[in-house]
Ligand SMILES: Cc1cc2nc3c(=O)[nH]c(=O)nc-3n(C[C@H](O)[C@H](O)[C@H](O)COP(=O)(O)OP(=O)(O)OC[C@H]3O[C@@H](n4cnc5c(N)ncnc54)[C@H](O)[C@@H]3O)c2cc1C
Ligand SMILES: Cc1cc2nc3c(=O)[nH]c(=O)nc-3n(C[C@H](O)[C@H](O)[C@H](O)COP(=O)(O)O)c2cc1C
Ligand code: SF4
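Chains as they are written, first to last, in the working numbering: chain Y, 1 to 450; chain R, 1001 to 1429.
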């Protein structure tokens, strides 16, 4: 395999034997805590039982009917703090002399079952009896896809408007391919196409009231699932510097045809990534894989305060990334041609907990120093696009420009407009976006039936 | 597009079942409270826990069961010394009335066991009078604490005929005879039951066995205060025995009675196997003791998906489908031979195949120490396939038929020079 293939392909999941052996560990709990731990109600307790009792088609059906992105979730969910968190098999093993922290690997079984359905050509989902009602879905990320699928299953016509050339949102243009590859995504999207969901690509909803106007243009309801596509800058009024990238631009570049261009640039250079979340992890690991000389993760707090999932943190460390904790970037250093030369840092120490419950970084005066780097990637939080409130001026948003909804139904302050996913929650997960899409679809069906 | 509608309902002795899945007469069908929960889960009927007439008090030994584990696999078999119902007959009959009133579409089979001719008659009649749709005559419990009952009857074929005919004369509802597997040929007692008028045969009851012996107390389990007994084994371990008897009876042209398959059924695949070999309904006990009533959801869903996939719309059409491919061993075509095939790209290098091929088969494998992989010497392979049973990678080892002129190599003798000392002349018939 070439380096680029290696980059573009995720590791294999379980085979049948491994999946059976893992499912055999399940205690088939009466009151399955795993099922309670899944934000999208994918019912792992049920699908593992079905699998155990050789009802494989039923197991696949349980997953797919509840979670249109069951495959993606099986790969991407931080299961150790969702379904696998309260696994009784794990709790049982915790008292074990070896103190194993070893839940049933639910995500991996889930992924296996979905891949198995593709292999055996078993299709679960069907279009519902045709109903009157056409719904515009803005954005083909997990939230939009889930909402569209649910509506199509109920017989409604769902039309997805997507500004980019292909579907998937952050799981196509954000998450790195060696964690989640395109073949897999495309297979899962086929399940949606079979439902008759209509996609309009390169079809950006923009300009004043553009989203609200859809209600006047023949749509009976609108779902906003536009996600968070602006990065956060290090400082106010940041000017463009050659060598400074925003994580969204960088990560989507790896997916939209600029991979080799980035590879050329990164190879043998020093890369500094600012941030401590999931996005930062994807940035450092990809830069490492693309052949950077050194990759620094620059984070103003310490290991325990990082928002990134623990397995990913450890993975990145093992990949050879230098974790530079307790350093606050303050500015960029450039040469005379506006090309990046380094990153100016200020050391910090941890003070008391802040409102997030994590200890706050306190800058150490006079401790500034310069890290030589020719590339800096900012991964300090994704936020809604600046102009997004203009698209739906009557929809109430908060000070972060996140859309305000009823969390159970996704209803916004405007009748007929619903929303879900990251544009409502801020940075969240695929599985929560799936749930939002499902909830909103149910509410939309109710609304249309009124 | 495949037809998505299949019909799981089936007629058995003229009685309609909404699916072929029933509770076996056992602790899983001990009361209406339990049966009601089972119906809600999807079971179509029940062979109620075997009634007794209150003449002799029934007391269950304690503890009454032992699990037969294999490695980390639990309940591969179950050992039990439970007796027939210890509830007063009146209570059981009240439960019949409740269930028939609330679930008229579910089939109530009253399982009975008498100790004398008129007791069989009494229990049959009173069951019919209180709503039973069918009877099941328990000729087969292997560990009744009362002499002359249970499988003692099932082994005394004339008693089977006598009691069946007594019952048949007493009632109008269909009568099933439940057989013991603790015999060699089940068609024989089944024919006696048929002569007595039985409308159907159910099999098997538990297999006489001992699953474990306590090593400290030297008591076979379950240990009833210092005593163990040969008693009933059930669960997955007995499925091959159940399938054998059902297939035998299905093939018996003189018998030609509808069959109800029992023994080791947990999944839709187990149930389907019984049906393919001639059972039109099936019963489950130990599967429920292991997992609860919920397993019927998976039996229904799994069988439905299978039928859709195969384009079979009525469950009836599955019954006996494998019988035409079941024959005696003298019918095998011995001209056709094959060997194993190894997909070594997927080999993990455990070497279990190598060990057992050397110790228990054709010595047809070499071990490549560098690659840590087996190497097949094709013309020594016996095609016993045992290597594929221990291989941890699914499908890595498969069977391949060889061309007609292919010859397996005879197993070599160690020292041909010993021929001088050999005392041998060929057998002359
Ligand atoms: C780098 C990275 C790694 C991540 N890793 C994980 C992980 O491992 N596990 C996990 O569960 N989650 C992960 N997440 C989070 C997850 O990807 C998001 O929570 C999820 O994708 C949110 O879904 P969404 O549908 O709300 O929005 P998005 O996925 O952002 O999709 C929004 C879609 O709307 C389109 N759009 C936006 N505006 C318009 C417009 N005006 N007109 C038309 N279309 C528009 C966008 O092009 C996009 O396709 C990660 C996120 C990032 C950034
Ligand atoms: C604990 C226990 C009690 C049983 N009691 C009865 C009974 O009262 N009457 C009867 O006909 N069979 C009885 N059986 C036998 C079952 O109905 C069934 O025939 C047998 O267990 C094989 O099926 P299985 O492998 O699904 O358990 C009993 C079995 C068990 C395990
Ligand atoms: S969707 Fe995610 S959280 Fe839910 S069961 Fe599957 S892997 Fe676990």
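For glycine and all other residues, C-beta sits at the position ideal for the given N, C-alpha and C. All figures in this text were calculated on a predicted structure; none of them were measured in a lab.
Please report how far the alpha carbon of residue i lies from the alpha carbon of residue j, in whole angstroms.
i	j	result
residue 1165 of chain R	residue 1260 of chain R	20 Å
residue 56 of chain Y	residue 1309 of chain R	13 Å
residue 291 of chain Y	residue 369 of chain Y	26 Å
residue 1187 of chain R	residue 1255 of chain R	7 Å
residue 133 of chain Y	residue 156 of chain Y	6 Å
residue 84 of chain Y	residue 22 of chain Y	13 Å
residue 105 of chain Y	residue 87 of chain Y	9 Å
residue 1092 of chain R	residue 1240 of chain R	33 Å
residue 129 of chain Y	residue 137 of chain Y	20 Å
residue 266 of chain Y	residue 76 of chain Y	26 Å
residue 1111 of chain R	residue 1216 of chain R	39 Å
residue 294 of chain Y	residue 440 of chain Y	45 Å
residue 99 of chain Y	residue 90 of chain Y	With a pLDDT of 49 at residue 99 of chain Y, under the threshold of 50, the modelled position of that residue is not reliable, and the figure given next carries that caveat. Looking at the two C-alpha atoms, the distance is approximately 10 Å.
residue 1037 of chain R	residue 1292 of chain R	10 Å
residue 113 of chain Y	residue 60 of chain Y	6 Å
residue 1001 of chain R	residue 1016 of chain R	Annotation note: pLDDT 47 at residue 1001 of chain R (below 50); position unreliable, coordinate value reported separately. Using only the alpha carbons, I get a separation of about 30 Å.
residue 29 of chain Y	residue 324 of chain Y	43 Å
residue 1116 of chain R	residue 1153 of chain R	11 Å
residue 1235 of chain R	residue 1285 of chain R	8 Å
residue 1244 of chain R	residue 8 of chain Y	53 Å
residue 1 of chain Y	residue 164 of chain Y	The pLDDT assigned to residue 1 of chain Y is 41, lower than 50, so where the model puts this residue is not dependable; a value taken from the coordinates is nonetheless given after this. Each residue's Cα considered, the two are about 30 Å apart.
residue 1296 of chain R	residue 1041 of chain R	7 Å
residue 334 of chain Y	residue 363 of chain Y	23 Å
residue 255 of chain Y	residue 262 of chain Y	11 Å
residue 342 of chain Y	residue 234 of chain Y	14 Å
residue 1271 of chain R	residue 1019 of chain R	11 Å
residue 1222 of chain R	residue 1206 of chain R	15 Å
residue 1113 of chain R	residue 79 of chain Y	54 Å
residue 279 of chain Y	residue 285 of chain Y	10 Å
residue 1126 of chain R	residue 1094 of chain R	11 Å
residue 186 of chain Y	residue 432 of chain Y	21 Å
Relative to the alpha-carbon of residue i, which residue among the options has its alpha-carbon at the smallest distance?
i	options	result
residue 1066 of chain R	R/1232, R/1189, R/1100, R/1049	R/1232
residue 307 of chain Y	Y/204, Y/153, Y/275, Y/239	Y/275
residue 303 of chain Y	Y/294, Y/293, Y/327	Y/327
residue 117 of chain Y	Y/161, Y/174, Y/359, Y/190	Y/190
residue 1090 of chain R	R/1017, R/1129, R/1273	R/1129
residue 73 of chain Y	Y/444, Y/430, Y/330	Y/430
residue 1401 of chain R	R/1340, R/1348, R/1327	R/1340
residue 1081 of chain R	R/1428, R/1230, R/1399	R/1230
residue 231 of chain Y	Y/46, Y/400, Y/64	Y/400
residue 1179 of chain R	R/1367, R/1157, R/1202, R/1167	R/1202
residue 380 of chain Y	Y/180, Y/282, Y/310, Y/197	Y/282
residue 1385 of chain R	R/1392, R/1373, R/1398	R/1398
So, under 8 Å CB-CB, residue i and residue j are touching, yes? Tell me the CB distance rounded to an integer number of Å.
i	j	result
residue 1046 of chain R	residue 1022 of chain R	6 Å
residue 1338 of chain R	residue 1383 of chain R	5 Å
residue 1058 of chain R	residue 1086 of chain R	4 Å
Regarding residue i and ligand 2, is the C-beta to nearest heavy atom distance less than 6 Å?
i	result
residue 54 of chain Y	no
residue 1267 of chain R	no
residue 1078 of chain R	yes
residue 1150 of chain R	no
residue 1262 of chain R	yes
residue 66 of chain Y	no
residue 1208 of chain R	no
residue 1182 of chain R	no
residue 1175 of chain R	no
Given that residue i touches chain B, what residues does it touch there, using C-beta distances under 9 Å?
i	result
residue 1301 of chain R	Among the protein chains of the structure shown, namely Y and R, there is no chain B.
Tell me whether residue i, by its Cβ, gets closer than 6 Å to a heavy atom of ligand 1.
i	result
residue 76 of chain Y	yes
Original post:
If you measure beta-carbon to beta-carbon, which residues of the segment 1390-1401 of chain R are closer than 7 Å to chain Y?
Top reply: Hits within the stretch, in order: 1392, 1393, 1394.
Subject >> Near-chain R residues of the segment 50-73 of chain Y (beta-carbon distance less than 7 Å), N- to C-terminal order >> reply: Listed in sequence order: 50, 53, 54, 55, 57, 58.
**OP:** Select from the segment 6-32 of chain Y all residues with a C-beta closer than 7 Å to any C-beta belonging to chain R, and list them in chain order.
**Re:** Near chain R, meaning a CB-to-CB distance below 7 Å, the residues of the segment 6-32 of chain Y are 15, 16, 17, 28.
Original post:
Quick one, which residues of the segment 1253-1281 of chain R are near chain Y if we go by CB-CB under 7 Å, in chain order?
Top reply: 1266, 1267, 1268, 1269: these are the residues of the segment 1253-1281 of chain R whose beta carbon lies less than 7 Å from some beta carbon of chain Y, given in chain order.
**OP:** Check each residue of the segment 1303-1331 of chain R: if its Cβ is closer than 7 Å to any Cβ of chain Y, include it; give the result in chain order.
**Re:** Cβ contacts with chain Y: 1305.
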